[in-house]
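Student:
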Amino acid sequence: MPTLNHYLLLAILLFGLGVTGVLIRRNALVILMCVELMLNAANLALVAFGRSGGSLEGQAFAFFSMTVAAAEVAVGLAIVVLIFRHSGSTDLESIRLVGGGAREEQ
Amino acid sequence: MEGILFVLLSVLALGGGLWVLLRRSPVDSALGLLTTMVAIAGHYMLLDAPFLAAVQLIVYGGAVIILFLFVIMLLNLRQDRLRARRLAAGRWVYALAGVAVLFCLAGIFLAGGTSGAVDAGPSGTVEAFGEALFRRWVYPFELTSVLLLAALVGAVALTRHAAPKAEDKA
Amino acid sequence: MDFSGLNVAALLPELLVSGGGLLVMALHAAFRGRQDRQLVWVSLASVVAALAFCLNPLTVEPGYFGSALSDPMAFAGRITVLAALVLLLPGGVAYARSRNLPQAEYLSLSLFAATGMMALASAGDLIVLFLAVEVLSISLYCLAGLMGERESSRQAALTYFLAGSFASGFLLFGMALLSGSAGTLDIAALGTGLARVSGTGTQWVALGGVVLMIAGLLFKVGAVPFHSWVAEVYSGSPTVVTAFMSTAAKAAAFAGFGRVLLALGSVSEAWVPLVGICAGATMILGNFTALVQGNFKRMLAFSSVAHAGYLLLGLMAVGAAGESLEAVIFYLLPYVLANAALFLVAAKVSQAGSGNYKLDDYKGLARRNPWLAGLLALLLLGLAGMPPLAGFMGKFMVFSAAVRAGHTGLAVLGILTSVVAVFTYLRPVVYAWFHEPEESGALNLDGGLAFVVWVAGAGLLLLGLWPRLWLDLCAGIGV
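Chains as they are written, first to last, in the working numbering: chain F, 387 to 492; chain V, 4 to 173; chain U, 384 to 862.
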């Protein structure tokens with residue numbers, strides 16, 4: 387029978403995976419996926435806490451954060467598409483390479 | 004029985020997460036993410052939150068992953084896949100930082116951890132959830148509509164001006 | 384069904400502003416974009432109506448079962464955000480027209496972002512806090528990339544998005560751990576919830592949550608060591624958007640941050656050292672980096688990092704010693720007025736000069752337009768904290784609150800770095816008054832910009848001479 391601790395440990399492991407992924411990957415799409423991992427880990431922790439605390443608060447929070455994640459993905463992918471159309475890559479380092487120096491524009 | 008399911012779903016969730024991190028191709032990463040999402044939906048069933056499990060499958064498994072795959076296909080990311088290194092140069096420091104975050108958090112548990120069972124709360128059925136959503140949490144619900152509207156307007160505004168100009172290519 | 388706790392009127396400012404955003408889009412679609420020039424009036428009308436309703440006694444009761452508060456912090460946050468909009472929208476539309484930005488999208492996204500900011504300043508529970516942060520962030524990501532044909536704007540949008548969503552992950556996970564172990568989502572009740580679990584193993588989970596949440600919030604306000612995105616995002620975004628980010632968004636974020644830290648006062652020994660180190664590092668790094676910039680926009684960007692440091696110092700005093708939020712509330716309004724006006728002036732001067740925000744553009748400005756040069760000096764000295772301008776009172780209140788709370792070392796550091804800041808802000812003033820102009824010919828302001836600069840200058844002077852006016856107005860609202 388799993389306890390709250392088990393669920394929290396799973397959530398922390400998933401969160402750690404997400405953080406590590408954001409830091410080490412270079413592809414903007416994969417970084418976005420790793421952010422989704424982080425948000426999912428948080429949702430799992432919220433639901434587990436809510437279940438153990440005896441209220442639906444945790445579930446309500448998780449529900450709203452799913453909406454946020456969906457909106458974030460929509461905007462994030464729009465930005466990635468915008469970048470890709472100009473630089474032909476979703477790789478952060480090659481985007482920066484294409485960008486080069488002058489960032490000071492009007 | 005529940006214990007076995009928990010272990011199985013956790014292995015699936017973590018395996019999917021590792022797959023996202025370690026695979027070179029974004030398509031593989033997206034499929035790994037899908038595995039994690041489905042496994043977490045299973046966890047929600049175990050936690051007696053059937054409505055949330057359904058939403059998880061529809062929103063993440065349905066909308067989010069499909070959107071990712073759609074964009075990957077749209078952009079035709081093959082050149083990216085062929086790049087030699089998949090990790091950023093010198094990112095091992097960051098990998099260590101990420102692992103350090105993980106260990107710090109896990110250390111919290113070694114220091115104590117919570118003492119709770121997970122069968123105390125009310126069941127998250129559609130009725131119970133709807134009651135909570137449209138009474139106590141009606142303000143966040145309204146705020147969500149602004150959020151989605153802003154995301155909609157913003158995503159369209161960002162991608163509407165399609166064709167890059169000539170000087171951008173140079 | 385029981386509606387007694389609902390009190391829809393508490394949300395009227397937010398409803399009016401978001402309704403204005405919706406109306407702008409609807410009119411844009413209905414007239415197929417032919418009447419876009421009139422849309423700014425629709426937006427301004429909704430903002431002014433919201434301002435009027437903030438002062439309405441109907442809104443002083445908390446609404447939506449305690450999710451929407453109406454305390455002095457909420458009132459001050461809302462007024463500050465709306466004041467920034469009143470200053471920025473007319474100038475922003477002129478900027479959008481001259482640089483081919485989509486006006487309707489600019490206006491409606493700004494109004495949606497402002498809805499999120501006002502909701503953040505008045506958030507009563509963690510769900511609303513998180514959603515409000517996301518509403519404002521998502522709108523700002525899109526606004527940053529609105530000049531999509533420019534490389535700098537695209538890059539700013541991507542950087543801002545990646546940094547912001549990473550921070551959101553930390554914020555949400557921290558909130559999950561904290562609210563779960565405290566057993567409540569109500570921000571004001573977090574302290575008592577934490578007191579209940581102190582001494583048990585759960586306490587450590589809660590502290591982990593506090594640290595993660597503060598890290599997420601520090602990221603969002605751009606404090607050191609989470610400031611790496613600031614320079615690129617602020618200098619790459621369209622200038623009116625940068626102005627919006629560094630004024631209204633920052634004010635709202637600090638209002639939400641203050642609310643959280645106020646509730647966590649009972650565990651202050653856990654986070655005060657953390658926030659203290661960040662505040663000190665932010666003051667030093669922000670001021671010294673601003674000092675060496677040869678670019679006015681980047682200088683303002685780093686100076687806003689420095690101001691985040693002073694605001695953090697004010698927040699530390701609040702959480703630790705039971706000081707009220709008065710110092711932070713007061714600091715925000717003049718900062719927002721001066722910064723908003725300065726960014727618009729920067730856009731104008733740069734357009735008339737080199738086109739890329741060089742400080743050299745300000746050489747001899749006094750010859751070309753003495754009024755503008757005078758007001759520029761007034762605004763910059765206001766930011767630097769010269770008496771009798773409002774910036775001085777803001778800094779004075781923050782530093783004295785810090786001393787009362789026992790952070791004397793940090794207060795001294797704040798005063799020393801403020802001296803550095805004076806040199807930063809004096810450089811454009813010296814250029815404007817004591818250098819020969821590189822270009823001749825008068826630099827005339829259009830009506831909108833002149834209005835903004837005069838209002839901001841008058842506001843700085845008024846708030847500096849009679850600070851109690853604004854503080855008493857805030858204190859008189861709500862409970």
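Cβ coordinates follow ideal geometry from the N, Cα and C atoms, glycine included.
Can you have a look at U:P753 and say buried or exposed, based on whether 16 or more other CB atoms are within 10 angstroms of its CB?
Tutor: As a position in the third sequence, residue 753 of chain U is number 370, starting the count at 1. Classification for U:P753: exposed.
Student: In chain order, what residues of the same chain have a beta carbon less than 7 Å from the beta carbon of U:R537, not counting five sequence neighbours either side?
Tutor: What you label residue 537 of chain U is simply residue 154 of the third sequence in a count that begins at 1. Cβ neighbours of U:R537 beyond the five flanking positions: G528, G531.
Student: With three or more C-beta pairs closer than 8 Å as the rule, is the segment 672-689 of chain U touching the segment 489-508 of chain U?
Tutor: no
Student: Find the nearest neighbour of U:A721 within the set U:A839, U:P850, U:G449, U:L398, judged by alpha-carbon distance.
Tutor: Taking the first residue of the third sequence as position 1, residue 721 of chain U is located at position 338. Minimum Cα distance to U:A721 is reached at U:A839.
Student: With 16 other CB atoms within 10 Å as the buried threshold, where does U:N827 fall?
Tutor: The residue you call residue 827 of chain U lines up with position 444 of the third sequence. When all chains shown are included, U:N827 counts as exposed.
Student: Just checking my contact of V:L161 with F:L468 at CB under 8 Å: how many whole Å lie between their CB atoms?
Tutor: In the second sequence, counting from the first residue as 1, residue 161 of chain V sits at position 158. In the first sequence, counting from the first residue as 1, residue 468 of chain F sits at position 82. Right, the Cβ-Cβ distance comes to about 5 Å (below 8 Å), so this counts as a contact.
Student: Go ahead and pull the three-state DSSP assignment for F:N413.
Tutor: Along the first sequence, read from residue 1 onward, the residue named residue 413 of chain F stands at position 27. Taken through DSSP and simplified to helix, strand or coil, F:N413 comes out as strand.
Student: Identify every residue that forms a DSSP beta bridge with U:G446.
Tutor: Your numbering for residue 446 of chain U matches position 63 in the third sequence. Its beta-bridge partners are U:A451.
Student: Does the distance from the C-beta atom of F:L432 to that of F:A455 stay below 8 Å?
Tutor: On the first sequence, position 46 is the one that residue 432 of chain F refers to. On the first sequence, position 69 is the one that residue 455 of chain F refers to. No; because the gap between Cβ atoms is not below 8 Å, this pair is not in contact.
Student: Kindly say whether V:A57, judged by its beta-carbon, lies nearer than 8 Å to any beta-carbon of chain F.
Tutor: As a working note, residue 57 of chain V is residue 54 in the second sequence. Not one chain F Cβ lies under 8 Å of V:A57.
Student: Using the C-alpha atoms, what's the distance from U:M682 back to U:A724?
Tutor: Within the third sequence, numbered from 1, the residue matching residue 724 of chain U stands at position 341. Within the third sequence, numbered from 1, the residue matching residue 682 of chain U stands at position 299. Answer to the nearest angstrom: the Cα atoms are 15 Å apart.
Student: Identify the residues that DSSP records as bridge partners of F:D477: which are they?
Tutor: Numbered from 1 along the first sequence, position 91 holds the residue referred to as residue 477 of chain F. In the DSSP output, where bridge partners are listed per residue, F:D477 has F:N413.
Student: If contact means a Cβ-Cβ distance below 8 Å, which residues of the segment 399-425 of chain F contact chain U?
Tutor: F401, G404, V405, V408, A414, I417, L418, V421, M424, L425
Student: Since U:A794 contacts U:A785 with CB under 8 Å, what's their CB separation in whole angstroms?
Tutor: For this step, residue 794 of chain U is matched to residue 411 along the third sequence. For this step, residue 785 of chain U is matched to residue 402 along the third sequence. Contact flag correct, Cβ pair sits at about 4 Å.
Student: Is there a Cβ from chain V that is less than 8 Å from the Cβ of F:A488?
Tutor: On the first sequence, residue 488 of chain F is found 102 positions in, with the first residue counted as 1. Low per-residue confidence applies at F:A488: pLDDT is 38, beneath 50, and the placement is therefore not dependable, though the value from the model is reported in the following sentence. By this cut-off, F:A488 is not an interface position.
Student: Can you give me, in chain order, the residues of the segment 501-532 of chain U that have a beta carbon less than 8 Å from any beta carbon in chain F?
Tutor: L509, I510, F513, L514, E517, I521, Y524, C525, G528, G531
Student: From the DSSP output, read off the bridge partner residues of U:K741.
Tutor: As a first step, residue 741 of chain U is located in the third sequence; it is residue number 358 there, counting from the start. Beta-bridge pairing links U:K741 to U:N678.
Student: Which residue comes first and which comes last in the alpha helix (DSSP H) that contains U:M776?
Tutor: Stepping through the third sequence from its first residue, residue 776 of chain U is reached at position 393. Unbroken alpha helix (DSSP H) run through U:M776: 773-787.
Student: Is there at least one Cβ from chain V nearer than 8 Å to F:A456's Cβ?
Tutor: By 1-based counting over the first sequence, the position of residue 456 of chain F is 70. At least one chain V Cβ lies under 8 Å of F:A456.
Student: Tell me whether U:D331 sits in a helix, a strand or coil according to DSSP, three-state version.
Tutor: Absent from the model: residue 331 of chain U. The displayed extent of chain U is 384 to 862, so no value can be given.
Student: Closer than 7 Å: is that where the CB of V:F144 sits relative to any heavy atom of the ligand ATP?
Tutor: No copy of the ligand ATP occurs in the structure displayed, which carries no ligand at all.
Student: Nearest-angstrom Cα distance between U:A825 and V:R139?
Tutor: As a working mapping, residue 825 of chain U is identified with position 442 in the third sequence. As a working mapping, residue 139 of chain V is identified with position 136 in the second sequence. For U:A825 and V:R139, the distance between alpha carbons rounds to 60 Å.
Student: Excluding the 5 residues flanking U:A559 on each side, which residues of the same chain have their C-beta closer than 8 Å to its C-beta?
Tutor: Position 176 of the third sequence, counted from the start, is the residue given in the question as residue 559 of chain U. Hits under 8 Å: G592.
Student: Please report the straight-line C-alpha distance between V:A131 and F:E443, rounded to a whole angstrom.
Tutor: Position 128 of the second sequence, counted from the first residue, corresponds to residue 131 of chain V. Position 57 of the first sequence, counted from the first residue, corresponds to residue 443 of chain F. The straight-line gap from Cα to Cα measures roughly 11 Å.
Student: Cβ of V:V141 less than 8 Å from any chain F Cβ?
Tutor: For this step, residue 141 of chain V is matched to residue 138 along the second sequence. Output row for V:V141: interface = no.
Student: Whole alpha helix (DSSP H) runs in the segment 393-425 of chain U with 4 or more residues, listed along the chain?
Tutor: 395-413
Student: Can you tell me whether DSSP reads U:D569 as helix, strand or coil?
Tutor: As a position in the third sequence, residue 569 of chain U is number 186, starting the count at 1. DSSP places U:D569 in strand when its eight states are reduced to three.
Student: Under 8 Å, do U:Y745 and U:Y693 count as touching if we go by C-beta distance?
Tutor: For the purposes of this step, residue 745 of chain U is taken as the residue at position 362 of the third sequence. For the purposes of this step, residue 693 of chain U is taken as the residue at position 310 of the third sequence. Taking 8 Å as the Cβ cut-off, U:Y745 and U:Y693 do not qualify as a contacting pair.
Student: Could you tell me if F:S475 is buried or exposed, where buried requires 16 or more neighbouring beta carbons within 10 angstroms of its beta carbon?
Tutor: On the first sequence, residue 475 of chain F is found 89 positions in, with the first residue counted as 1. Buried is the call here.
Student: When the Cα atoms are used, what is the spatial distance from U:L484 to U:L494?
Tutor: Numbered from 1 along the third sequence, position 101 holds the residue referred to as residue 484 of chain U. Numbered from 1 along the third sequence, position 111 holds the residue referred to as residue 494 of chain U. Roughly 16 Å separates the two Cα atoms.
Student: Mind checking if F:L395 is an interface residue toward chain U, Cβ cutoff 8 Å exclusive?
Tutor: Within the first sequence, residue 395 of chain F is the residue found at index 9, counting from 1. Not one chain U Cβ lies under 8 Å of F:L395.
Student: So is U:F544 in contact with chain F if we call contact Cβ pairs under 8 Å?
Tutor: Walking along the third sequence from the start, residue 544 of chain U turns up at place 161. U:F544 counts as touching chain F.
Student: Determine, using beta-carbon pairs with one atom in the segment 534-549 of chain U and one in the segment 386-395 of chain U, whether at least three such pairs fall under 8 Å.
Tutor: Touching, no.
Student: Name, please, each residue of chain F whose Cβ falls closer than 7 Å to the Cβ of U:A729.
Tutor: Residue mapping note: residue 729 of chain U aligns to position 346 of the third sequence, counting from 1. Result: empty, since nearest Cβ-Cβ is about 10 Å, beyond 7 Å.
Student: Give me the Cα-Cα distance between V:A87 and U:S548, rounded to the nearest whole angstrom.
Tutor: For the purposes of this step, residue 87 of chain V is identified with residue 84 of the second sequence, where counting begins at 1. For the purposes of this step, residue 548 of chain U is identified with residue 165 of the third sequence, where counting begins at 1. The predicted model places V:A87 with a pLDDT of 46, which falls under 50 and marks its position as unreliable, so this point remains unresolved.
Student: Using a Cβ-Cβ distance under 8 Å, would U:A540 count as near chain F?
Tutor: Here residue 540 of chain U corresponds to residue number 157 of the third sequence, with the count starting at 1. Answer yes: the Cβ-Cβ gap between U:A540 and chain F drops below 8 Å somewhere.
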